[in-house]
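Residue numbers (the working numbering), protein chains in the order written: chain A, 9 to 520; chain B, 182 to 583.
Read through the structure below, which is laid out as structure tokens, and then see the notes.
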């Protein structure tokens, strides 16, 4: 006899964890399964020697302080998930080249006033458009709250209360910043975070970009004290406490149907029956491999063809443990971006190549002195790729050589940009390539992200289309491939929202 | 400051553009062809070839090292594919169906990574007292037998940005195998570092892979082997045990890394000798110890638990099993005895593949093999391969892919 659940959540990554907890909070009998042997997906950790590394986290946005709580904080509080958070006091340092070819080295603090003041220092005359920009972000934040409150959106109300949002958010970010008469150098500095969205400023919708700046600059970012695995385990503990059940090293092989509605999941540990499935799996993979061919909806085929396998950013992460305190090494900032150019379109093109020079340095111990054993520190590097072709071409023998090459690039970047030679201090070093992410996440090309947020396929458009995109009865896509796209915060919120929808469906079904 | 601006040429159209985001998206979708969806990605295929659920292997050849009480098993991929490529020094975890049990055993790969491209991989198994899996393999394995194995695993390999250019390897008995693989890799141009191996054997006759190493040394001057005989005094050999002085003698003046692999007793002796060298931690690496066979000698062990038999309840997916659990053995052994297909790889507390959740009961985890993540330590997650029962226990284990 198959086990029976109200909801089966497939994939215990960020979206799956928040979805599972939400369903359990709502009193639903919930099963969470994952093909790996631990929860979290990207939000995990791994050990080497006496060190523990975070595989992915840079900064988590939309948490916010007590007096300006962000969506993530509200979600965590509402669902009883209490993590030991550390606030990131500064946005970023960026060492790069402005669009006009002059060298850039800026450090941007958090907080509206502080951020604008720093910008004015680097780009005299930027204050007025920066004030306008942040005013616009305030309005967009209010619009987002209105749009997300679950009630239908009234166009007249929106025109009255959010006119500038409506004016700007149909456009790409570069165009809006230019319309605000933002000096190009200020655009260059503001644009530093663009890779977190996976697409250049001239393509990314302004709503999405503005929202991100709002969350990082105004609400400040946080990171977990003891790696992302701490976050995932906090979710898991809450889930278990609420009576949830989890099966790890358990692969969902097929979805089972009763007519055109999902009625269960075939897993490597046996069949389970359920009313609702929340699938933290890329929609293409579900349609191609997990449901009968004749049940693949026409619209899915068209949507998939329109997206044409354009998956968002691929990553190579280089993790290092150094056997000296971070103060002695001399790295002072938590987060430093090394970019070849601040021109996001150009950099995006460079990122097609495996040899691109983009890199982000995270130095955990600058914020968390006890992140690693006394007298040591842990740093990580993130290299981004807009295409995976160069990686896919590698042979197994070349593979380890490329890993070494990535390490060499990181050592060089620190030497060149900070004048520090870290070579003698490397006690542990590990490299995660797109293949590594593919191995652990199973996502297309190993992207931790979803589909590219193309101009026609941005987050607002997807949100407006959300009911149309869920084509299969009883199944909702959650996670990076879903409507809110990628990132820790987005996927937690997305999982929570989709769980609410699934629970609502269950209530409705119960009444009938 | 009044906020009023327009982006497009005509500000009013901006509103329309926003309102039309969904319609525009629907138009793009409607215009696309209704093609069959595929999900075949080269990067994922590469990952799957490097890290399959398991490699189907078949025994291609067996080499008997009678004097050393060991055999080398050369496996070939049963499906004709290349074997998963690996780094010289890594181990493979074999999945062995012994009687009613499904057990795993980690063995360092002794062949060159180059062989993997031809679908071949070799391990060397030495008889050891009470080693029931080793004895089973030595007695029953014959050419043509099929067995499942993992890909190459572990971080016991040379990494040029971490290790010194010169590696002094300290090996005892069958602990030589990862260094044989490294020596092959150097000879084959896959790795590039100087490797000096101090190899402890009881007698000249019992030396493993002597011919193989002699051949490698004639082909490359980067590899050097010094035989250290504990039970014999002979010309041309070092005599006694591997000591700090002996290491200094062969290490030279340049910086060097020490790599250690051998049986538990040798490891404990050599560990003390290596300490005398005053090397930084980063220059000392050792292959796994395995779970202790005398847990009651570990600091902090509650002696009243020793020799007891507890009840173990194991949950795996929808299934539940109840079995006995000997206090003196790792919990993983009890799970395997019960015939449960549970995951495990390194069996030394390190890799975390057996990570499981204790929902009731007490366990003892020796500090020296506690490789758990910080949060797992707070949350009742254990690695059963190096955890010992102190009471009746209920545990939830992950599935395993067979």
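Ideal Cβ positions, reconstructed from N, Cα and C, are used throughout, including at glycine.
Nearest neighbour of residue i, chosen from the options [CA to CA]
i                      : options                    : result
residue 571 of chain B : B/558, B/401, B/551, B/539 : B/539
residue 491 of chain B : B/470, B/515, B/395, B/407 : B/515
residue 296 of chain B : B/464, B/310, B/267        : B/267
residue 349 of chain A : A/104, A/296, A/23         : A/104
residue 321 of chain B : B/482, B/277, B/510, B/344 : B/277
residue 49 of chain A  : A/358, A/257, A/76         : A/257
residue 343 of chain B : A/377, A/330, A/20         : A/330
residue 209 of chain B : A/191, A/86, A/314         : A/314
residue 527 of chain B : B/215, B/336, B/279        : B/336
residue 151 of chain A : A/241, A/177, A/99, A/140  : A/177
residue 168 of chain A : A/154, A/459, A/474, A/74  : A/154
residue 421 of chain A : A/391, A/444, A/398, A/433 : A/391
residue 263 of chain A : A/240, A/246, A/303        : A/303
residue 328 of chain B : B/304, B/573, B/431        : B/304
residue 372 of chain A : A/335, A/397, A/358        : A/335
residue 577 of chain B : B/541, B/583, B/434, B/558 : B/541
residue 393 of chain A : A/442, A/385, A/380        : A/442
residue 364 of chain A : A/396, A/306, A/216        : A/396
residue 504 of chain A : A/13, A/26, A/58, A/67     : A/26
residue 284 of chain B : B/557, B/493, B/520        : B/520
residue 213 of chain A : B/338, B/202, B/569        : B/202
residue 517 of chain B : B/504, B/508, B/509        : B/504
Residue i - partner residues in DSSP beta bridges
i                      : result
residue 279 of chain A : A/274
residue 257 of chain B : B/239, B/301
residue 343 of chain A : A/370
residue 512 of chain A : Answer is none; residue 512 of chain A lacks a bridge partner.
residue 328 of chain A : A/387, A/437
residue 498 of chain B : Partner(s): none; residue 498 of chain B has no beta bridge.
residue 352 of chain B : B/380, B/442
residue 569 of chain B : B/511, B/545
residue 464 of chain B : BP columns for residue 464 of chain B are empty, so no partner.
residue 123 of chain A : Bridge partners of residue 123 of chain A: none, in fact.
residue 459 of chain A : A/319
Within chain C, the residues that residue i reaches when beta carbons sit closer than 8 Å
i                      : result
residue 356 of chain B : Among the chains of the structure shown, chain C does not appear; the protein chains present are A and B.
Open item on the list: In chain order, what are the residue ranges of uninterrupted alpha helix (DSSP H) at least 4 long that sit wholly in the region 289–325 of chain B?
Closed with: 294–298, 313–321
TODO: Could you name the residues of the region 159–183 of chain A whose beta carbon sits closer than 7 Å to any beta carbon of chain B, in the order they occur along the chain?
DONE: 163, 167, 172, 174, 175, 176, 177, 178, 179, 183
TODO: Mind checking the region 400–412 of chain B against chain A and listing, in chain order, the residues whose C-beta falls within less than 8 Å of any C-beta there?
DONE: none
Task: In chain order, each beta strand (DSSP E) run of at least 3 residues that lies wholly inside the region 208–232 of chain A - done: 229–232
TODO: Evaluate the contact criterion for the region 19–39 of chain A versus the region 249–257 of chain A: three or more CB pairs, one atom per stretch, below 8 Å.
DONE: yes
Open item on the list: Short of 8 Å Cβ to Cβ, which residues in the region 275–304 of chain A face chain B?
Closed with: 275, 276, 277, 278, 280, 290, 292, 293, 295, 296, 297, 301, 304
TODO: Take every Cβ of the region 248–261 of chain B, pair it with every Cβ of the region 435–453 of chain A, and state whether three or more of those distances are shorter than 8 Å.
DONE: no
Open item on the list: Count Cβ pairs between the region 146–160 of chain A and the region 228–242 of chain A that sit closer than 8 Å; are there 3 or more?
Closed with: no
Open item on the list: Any C-beta of chain A within less than 9 Å: which residues of the region 206–225 of chain B qualify?
Closed with: 206, 207, 208, 209, 210, 211, 212, 213, 214, 215, 216, 217, 218, 219, 220, 221, 222, 223, 224, 225
TODO: Note down, one range per segment and in chain order, each alpha helix (DSSP H) of at least 4 residues found wholly within the region 165–203 of chain A.
DONE: 171–176, 181–187, 192–198
Open item on the list: Along the region 294–325 of chain B, where does the CB come closer than 7 Å to a CB of chain A? Name the residues.
Closed with: none
- [ ] Report yes or no: do the region 318–326 of chain A and the region 404–422 of chain A share at least 3 C-beta pairs separated by less than 8 Å?
- [x] yes
TODO: Could you run through the region 457–469 of chain A and flag, in chain order, every residue whose CB is less than 8 Å away from some CB of chain B?
DONE: 464, 465, 466, 468, 469
TODO: Determine contact between the region 281–289 of chain A and the region 551–565 of chain B, defined as no fewer than three beta-carbon pairs at a distance below 8 Å.
DONE: no
TODO: Would you list, in chain order, the members of the region 87–110 of chain A that have their beta-carbon closer than 8 Å to a beta-carbon of chain B?
DONE: none
Open item on the list: Using a Cβ-Cβ cutoff of 8 Å, what residues of the region 407–422 of chain A are near chain B? List them in chain order.
Closed with: 407, 408, 412, 415, 416, 419
Open item on the list: Counting beta carbon pairs with one atom in the region 206–223 of chain B and one in the region 311–319 of chain B, are three or more of them shorter than 8 Å?
Closed with: no
Open item on the list: Contact between the region 374–381 of chain B and the region 441–460 of chain A is defined here as three or more beta-carbon pairs at a separation below 8 Å; is this criterion met?
Closed with: no
Task: contact_flag[the region 300–319 of chain A, the region 455–466 of chain A] where n(CB pairs < 8 Å) is 3 or more - done: yes
Task: Interface residues of the region 228–240 of chain A facing chain B [CB-CB below 8 Å] - done: 234, 235, 237, 238, 240
Task: Three-pair Cβ contact test at 8 Å for the region 507–515 of chain A versus the region 224–242 of chain B - done: no
TODO: Quick one: which residues of the region 503–532 of chain B get their C-beta closer than 8 Å to a C-beta of chain A? List them in chain order.
DONE: 524, 531
Open item on the list: Report the start-end ranges of each alpha helix (DSSP H) in the region 27–82 of chain A that is 4 residues or longer and not cut off at the edges.
Closed with: none
Open item on the list: Within 8 Å, do at least three Cβ pairs link the region 93–109 of chain A to the region 180–191 of chain A?
Closed with: no
- [ ] Select from the region 554–573 of chain B all residues with a C-beta closer than 8 Å to any C-beta belonging to chain A, and list them in chain order.
- [x] 554, 555, 556, 557, 559, 560, 562
- [ ] Only counting runs of 3 or more residues, tell me where the beta strand (DSSP E) segments fall wholly within the region 242–267 of chain A, in order along the chain.
- [x] 253–255, 260–266
Task: Near-chain B residues of the region 254–269 of chain A - C-beta to any C-beta below 9 Å - done: 254, 255, 256, 257, 258, 259
Open item on the list: Quick test of the definition: if touching needs 3 or more C-beta pairs under 8 Å, does the region 497–504 of chain B touch the region 266–282 of chain A?
Closed with: yes
TODO: Report yes or no: do the region 468–478 of chain A and the region 211–218 of chain B share at least 3 C-beta pairs separated by less than 8 Å?
DONE: no
Task: Members of the region 328–347 of chain B near chain A, C-beta cut-off 7 Å - done: 336, 340, 341, 342, 343
Open item on the list: Please identify, using Cβ separations under 7 Å, the residues of the region 469–483 of chain A that lie next to chain B, in order along the chain.
Closed with: 469, 472, 473
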